[in-house]
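Structure, as structure tokens:
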Amino acid sequence: MSDLVSIFLHLLLFKMVAPVTFRHHRYDDLVRMLYKVHNECPHITRVYSIGRSVKGRHLYVLEFSDYPGIHEPLEPEVKYVGNMHGNEVLGRELLLQLSEFLCEEFRNRNQRIVRLVEDTRIHIMPSMNPDGYEVAAAAQERDISGYLVGRNNANGVDLNRNFPDLNTYIYYNEKNGGPNHHLPLPDNWKSQVEPETQAVIQWIRSFNFVLSANLHGGAVVANYPYDKSLEHRVRGFRRTANTPTPDDKLFQKLAKVYSYAHGWMHQGWNCGDYFPEGITNGASWYSLSKGMQDFNYLHTNCFEITLELSCDKFPLQGELQREWLGNREALIQFLEQVHQGIKGMVRDENYNNLADAVISVSGINHDVTSGAHGDYFRLLLPGTYTVTATAPGFDPETVSVTVGPAEPKLVNFQLKRSTPQAAPKRRIPNSGHRGRVLPKKVQPRAARKKETMMKQPQRGPA
Numbered sequence: 001m002s003d004l005v006s007i008f009l010h011l012l013l014f015k016m017v018a019p020v021t022f023r024h025h026r027y028d029d030l031v032r033m034l035y036k037v038h039n040e041c042p043h044i045t046r047v048y049s050i051g052r053s054v055k056g057r058h059l060y061v062l063e064f065s066d067y068p069g070i071h072e073p074l075e076p077e078v079k080y081v082g083n084m085h086g087n088e089v090l091g092r093e094l095l096l097q098l099s100e101f102l103c104e105e106f107r108n109r110n111q112r113i114v115r116l117v118e119d120t121r122i123h124i125m126p127s128m129n130p131d132g133y134e135v136a137a138a139a140q141e142r143d144i145s146g147y148l149v150g151r152n153n154a155n156g157v158d159l160n161r162n163f164p165d166l167n168t169y170i171y172y173n174e175k176n177g178g179p180n181h182h183l184p185l186p187d188n189w190k191s192q193v194e195p196e197t198q199a200v201i202q203w204i205r206s207f208n209f210v211l212s213a214n215l216h217g218g219a220v221v222a223n224y225p226y227d228k229s230l231e232h233r234v235r236g237f238r239r240t241a242n243t244p245t246p247d248d249k250l251f252q253k254l255a256k257v258y259s260y261a262h263g264w265m266h267q268g269w270n271c272g273d274y275f276p277e278g279i280t281n282g283a284s285w286y287s288l289s290k291g292m293q294d295f296n297y298l299h300t301n302c303f304e305i306t307l308e309l310s311c312d313k314f315p316l317q318g319e320l321q322r323e324w325l326g327n328r329e330a331l332i333q334f335l336e337q338v339h340q341g342i343k344g345m346v347r348d349e350n351y352n353n354l355a356d357a358v359i360s361v362s363g364i365n366h367d368v369t370s371g372a373h374g375d376y377f378r379l380l381l382p383g384t385y386t387v388t389a390t391a392p393g394f395d396p397e398t399v400s401v402t403v404g405p406a407e408p409k410l411v412n413f414q415l416k417r418s419t420p421q422a423a424p425k426r427r428i429p430n431s432g433h434r435g436r437v438l439p440k441k442v443q444p445r446a447a448r449k450k451e452t453m454m455k456q457p458q459r460g461p462a
């Protein structure tokens, strides 16, 4: 009898929340859907805009958190971005369906979803290129075929070739020495990018994102950095060649999590292509310059992969339900991957939070930094690591950490202020040294002996 009551209550709750709608959503429909989810789950969601497209459409984000709009220390931030190419629309619809699903399952007290929302701050951007989508959708309605119709933004720019190129700098630094993280942008970067790209860059600089996925179409594979090949150009084109990041094994694991949780991606054969285990290094597939996933890794603390989710860039409406069922578990499992590795607080001796402290892992040439609240997150595979925290004006602190396969290990740092070192004093040399100022430790022995015998008082520099 209790089982029947449980089933009845579940069906009742399901009716109270509108079921997932498997159809394509134009811009106005998308906005209504986001606010509909927010109205159904007002205590765990927030709708905000990070900027506007060329045509003035908002770039909306739906946030899920037990404290929407607030960063809770030690709670990681994760994001999904869809529809970067306007004609690659499955990601847009999947993210809308994911939003409905998270709201509905939270209301139904699905403990897995409740735990995910309470322990994670999730940001969902269904469309980075709403202008391109409207062009693609209009072409579909008029039955106009074209592989690239609506791909670019309203200025005709491919947004995934529009981010500042930081790969050139990191490849130089890896060879010659230099920073391995948070590479700076050129002073005039805003004049070099599109409004949508600028909005996303400012967004990912404003939040301490830890993990991200960018949803595309046209293939079925999980693609991980680097996207830009290290190989030299041949006849104007950069040769494809596996170009791994220092976190290559971790990125492969993240890609495999999605691939194996997906309905068929892991099988490898899709869309006439074969990718072993359904994953690929981006540069080994084809070299892409100025892409978003490499930019995330090189300019922020965020580890991003690119998910190619459908052979057809604009699937028929009747295919959306199958695609949702094939991606639902993978979308949830990928969000859960943010809870691995190590995390903690970086503070000074007085327990003040230290922002921008550098967290280094021995053997992995890519550092991360603490956020504005002093908390840091470092995704790592299971193993034992030597981890060091450094900050200007403080002595570094190094610890050995063993990371398990489950929850992240809490590793806090309390840095002590460096003791200022007195500057060495210098003497005025005698005329026999041609006016050169020499430190005391390198003055001729005879000169030092003469000074001692004469008990000449020490004088400061002139």
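Following full-length UniProt numbering, the numbering of the sequence shown begins with 1 at its first residue and continues without gaps. For glycine and all other residues, C-beta sits at the position ideal for the given N, C-alpha and C.
Buried versus exposed, by CB contacts within 10 Å (16 or more), residue i
{"i": "serine 99", "result": "buried"}
{"i": "leucine 331", "result": "buried"}
{"i": "residue 487", "result": "This structure cannot settle anything about residue 487, because the visible part of the chain is limited to 1 through 462."}
{"i": "isoleucine 113", "result": "buried"}
{"i": "serine 229", "result": "buried"}
{"i": "glutamate 88", "result": "buried"}
{"i": "glutamine 97", "result": "buried"}
{"i": "leucine 380", "result": "buried"}
{"i": "leucine 160", "result": "Reading off the sequence shown, one finds asparagine at residue 160, where the question assumed leucine. Classification for asparagine 160: buried."}
{"i": "glycine 75", "result": "The question names glycine, but residue 75 is glutamate in the sequence shown. It is buried - the Cβ of glutamate 75 has at least 16 other Cβ atoms within 10 Å."}
{"i": "lysine 416", "result": "exposed"}
{"i": "asparagine 301", "result": "buried"}
{"i": "serine 418", "result": "exposed"}
{"i": "alanine 154", "result": "buried"}
{"i": "proline 130", "result": "buried"}
Cβ neighbours of residue i in the same chain (closer than 6 Å, five flanking residues each side left out)
{"i": "arginine 92", "result": "Gly82, Asn83, Pro126 and Ser127"}
{"i": "phenylalanine 22", "result": "Leu320 and Gln321"}
{"i": "tyrosine 80", "result": "Leu95, Ile124 and Ala213"}
Cutoff 7 Å; reference residue i; Cβ partners in own chain excluding five residues on either side
{"i": "valine 135", "result": "Gly86, Val149 and Gly150"}
{"i": "glycine 268", "result": "Tyr274, Phe275, Pro276, Glu277 and Gly278"}
{"i": "glycine 335", "result": "Reading off the sequence shown, one finds leucine at residue 335, where the question assumed glycine. Answer for leucine 335: Val78, Leu116, Thr120 and Ile122, listed in chain order."}
{"i": "proline 68", "result": "Ile44, Thr45 and Arg46"}
{"i": "isoleucine 305", "result": "Ala213, Ala222, Asn223, Tyr224, Phe251, Leu254, Ala255 and Gln293"}
{"i": "glutamate 329", "result": "Ala261"}
Inter-residue Cα distance where the pair is residue i and residue j
{"i": "asparagine 281", "j": "proline 244", "result": "7 Å"}
{"i": "isoleucine 204", "j": "histidine 182", "result": "12 Å"}
{"i": "aspartate 247", "j": "tyrosine 376", "result": "17 Å"}
{"i": "lysine 36", "j": "threonine 384", "result": "46 Å"}
{"i": "proline 225", "j": "phenylalanine 251", "result": "8 Å"}
{"i": "asparagine 208", "j": "serine 310", "result": "30 Å"}
{"i": "glycine 132", "j": "threonine 390", "result": "44 Å"}
{"i": "asparagine 176", "j": "valine 54", "result": "40 Å"}
{"i": "asparagine 350", "j": "tryptophan 189", "result": "39 Å"}
{"i": "alanine 357", "j": "histidine 24", "result": "45 Å"}
{"i": "serine 370", "j": "methionine 345", "result": "8 Å"}
{"i": "serine 170", "j": "alanine 137", "result": "For the record, residue 170 in the displayed sequence is isoleucine; it is not serine. In a straight line, the C-alpha of isoleucine 170 is about 39 Å away from that of alanine 137."}
{"i": "glycine 363", "j": "lysine 253", "result": "18 Å"}
{"i": "serine 360", "j": "valine 403", "result": "15 Å"}
{"i": "histidine 339", "j": "alanine 255", "result": "15 Å"}
{"i": "arginine 57", "j": "glutamate 72", "result": "30 Å"}
Coil, strand or helix - residue i by DSSP
{"i": "alanine 138", "result": "helix"}
{"i": "leucine 380", "result": "coil"}
{"i": "threonine 300", "result": "coil"}
{"i": "isoleucine 342", "result": "strand"}
{"i": "lysine 175", "result": "helix"}
{"i": "phenylalanine 295", "result": "helix"}
{"i": "isoleucine 216", "result": "Checking the displayed sequence, the identity of residue 216 turns out to be histidine instead of isoleucine. Strand."}
{"i": "leucine 211", "result": "strand"}
{"i": "serine 125", "result": "According to the sequence as given, residue 125 is methionine; it is not serine. In the structure shown, methionine 125 sits in a strand (DSSP, three-state: E or B)."}
{"i": "leucine 415", "result": "strand"}
{"i": "glycine 326", "result": "helix"}
{"i": "lysine 409", "result": "strand"}
{"i": "asparagine 353", "result": "strand"}
{"i": "tyrosine 60", "result": "strand"}
{"i": "isoleucine 44", "result": "coil"}
{"i": "glycine 51", "result": "strand"}
Strand pairing of residue i, partner residues [DSSP]
{"i": "residue 463", "result": "This structure gives no information on residue 463, because the portion of the chain shown stretches from 1 to 462."}
{"i": "tryptophan 269", "result": "Tyr274"}
{"i": "lysine 79", "result": "His123 and Ser212"}
{"i": "valine 403", "result": "Gly383"}
{"i": "asparagine 365", "result": "In DSSP, asparagine 365 forms no bridge with anything."}
{"i": "leucine 331", "result": "In the DSSP output, where bridge partners are listed per residue, leucine 331 has none listed."}
{"i": "alanine 389", "result": "Ile359 and Glu397"}
{"i": "aspartate 348", "result": "Leu415"}
Close beta carbons around residue i, own chain, < 8 Å, minus the five adjacent residues each side
{"i": "residue 471", "result": "Residue 471 is absent from the model: the chain starts at 1 and stops at 462."}
{"i": "valine 117", "result": "Ile44, Phe64, Ser65, Asp66, Leu102 and Phe106"}
{"i": "arginine 347", "result": "Asn353, Leu354, Gly374, Asn412, Phe413, Gln414 and Leu415"}
{"i": "glutamine 198", "result": "Gly51 and Lys190"}
{"i": "threonine 240", "result": "Ser229, Glu231, Ala283, Ser284, Trp285, Tyr286 and Ser287"}
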